[in-house]
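A short worksheet on the structure shown next.
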Amino acid sequence: EIRLTVEHTDDTVSISVRDTGVGIDAAKLAGVFELFMQVEPHGRRAQGGLGIGLTLVKRLVEMHGGTVEAHSEGPGRGSEFVIRFPAIPAPENAAPGSATGPVEIRELRKVLLIEDNEDARHALSTVLRHYGFRTFAAADGLEGIAVADEVQPDAAIIDIGLPQYDGFEVARRLRARTGGERMLLVALTGYSSREARRQAMEAGFDEYLVKPVSPVDLAGLIESRLQPAALTG
């Protein structure tokens, strides 16, 4: 039996997953989030597995500013995993005619995501929309340039290893277009070498971020780098 519980306080959201399964020995409980850690009930593995799942859980939770804990009363007595995230208050809608605040300004900002991985593209788009940005997406370099010509984004988040044109070529072409000198270009890539970073700066990128990157930090970066004068409406 698996029971899922979600609780929301003023500043925290807690997600609890409790089961009535094999449980975890107290001696192994502290290390369950370590890479390749295996909990073997009754001295043998009941199922296959590499021992990386909980490590990934911990890493992903921490990337979003949260914490994760494991609890068990011992073998045969089930387990509980509790994830806690900081709650994000919903932005208040400004009254008509009121002074323009940060949320109103941010809602006008258009961000183009050029990323060939569909899951990553969807996840980033979802997070940025949550923070009030208008998002547009493209799956390759050629499409990205076409979308940029159409929507004139204020910022573009560009993967380097793209089909058609790679990220370096996309940046160069965007910079060469009318208004391209004002566009914020952010490289979001798995390439961490100095040479790749050098090529990115020469191609015209403003920022070079190596995956994984916290979506909250990415939204904050765009917020801080874009100025109201650069908005395209």
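Just so it is clear: in the sequence shown, position 79 is 75 by the numbering used here, and no numbers are missing. Beta carbons: idealized from backbone N, C-alpha and C, even for Gly.
Where Glu198 falls: helix, strand or coil (DSSP): Helix at Glu198.
So, are the CB atoms of Asp112 and Leu158 less than 7 Å apart? Yes.
Phe164 versus Leu170: straight-line alpha-carbon distance, rounded: Going from the Cα of Phe164 to the Cα of Leu170 covers about 10 Å.
What are the start and end residues of the beta strand (DSSP E) that includes Phe81? Start and end: 75 to 82.
So, using beta-carbon positions, are Leu109 and Ala135 closer together than 7 Å? In this structure, Ala135 does not lie closer than 7 Å to Leu109 by Cβ.
Enumerate, from N- to C-terminal direction, the unbroken alpha helix (DSSP H) stretches of 4 or more residues contained entirely within the stretch 92 to 167. Runs of the alpha helix (DSSP H) inside the stretch 92 to 167: 98 to 103, 114 to 126, 137 to 147.
Within this structure, are the beta carbons of Val166 and Ser188 separated by less than 7 Å? Contact check for Val166 against Ser188 fails: the beta carbons are separated by 7 Å or more.
Please list the terminal residues of the continuous alpha helix (DSSP H) segment that includes Ile218. Start and end: 211 to 221.
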